[in-house]
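Read through the structure below, which is laid out as structure tokens, and then see the notes.
Residue numbers (my numbering): 2 to 151.
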């Protein structure tokens, strides 16, 4: 995702830096998840770990697209800001649902409804993907691949 945003929102040296960071951080994340799966270390294979690893990148997205929107008033940057807000909302909604113990309360109630934190997360992420495919796709403009390697 970082490489996609880099192609749409940067060029030159920033495109190279963000691409290299994406590749390096992906490799580190893969190694940590494999270690978490093999040893096993539960904390390295959780949704919370993924959020911890990806939060700096999402903050970068907000900063980059926020700055670009203020500077250029680009509809693409506004659409991307909405994308990051929906992603953040999905994580916050998951966290609130989990912390309030709503899944447990629904299951122990009279009707015994099983609707877990992951169900909440996936429903909100479905809305996120629909937003991307219907709204965001109309605004994306990428730089040429030759800008990265040329």
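Even for Gly, the Cβ is constructed at its ideal location relative to N, Cα and C.
**Q.** Unbroken stretches of the alpha helix (DSSP H), 4 residues or longer, contained in the stretch 51-139
**A.** 76-100, 103-109 and 118-135
Q: Between the Cα of residue 91 and those of 142, 29 and 124, spot the shortest distance and give me the residue it belongs to.
A: By one-based count along the chain shown, residue 91 stands at place 90. When each option's Cα is compared against that of residue 91, the closest is 124.
Q. Going by beta carbon distance, what residues of the same chain come within less than 8 Å of residue 132, once the five residues before and after it are set aside?
A. Position 131 of the chain shown, counting from 1, holds the residue named residue 132. The residues are 83, 84 and 87.
Q. With a Cβ-Cβ cutoff of 9 Å, do residue 54 and residue 33 count as a contact?
A. As a first step, residue 54 must be located in the chain shown, where it is residue number 53. As a first step, residue 33 must be located in the chain shown, where it is residue number 32. Taking 9 Å as the Cβ cut-off, residue 54 and residue 33 qualify as a contacting pair.
Q. Just reading off the alpha helix (DSSP H) that residue 3 is part of, what are its end residues?
A. Numbered from 1 along the chain shown, position 2 holds the residue referred to as residue 3. Per DSSP, residue 3 belongs to the alpha helix (DSSP H) from 3-10.
(Q) Rounding to the nearest angstrom, what Cα-Cα distance links residue 50 and residue 44 in this structure? (A) Taking the first residue of the chain shown as 1, we reach residue 50 at position 49. Taking the first residue of the chain shown as 1, we reach residue 44 at position 43. One C-alpha to the other measures close to 7 Å.
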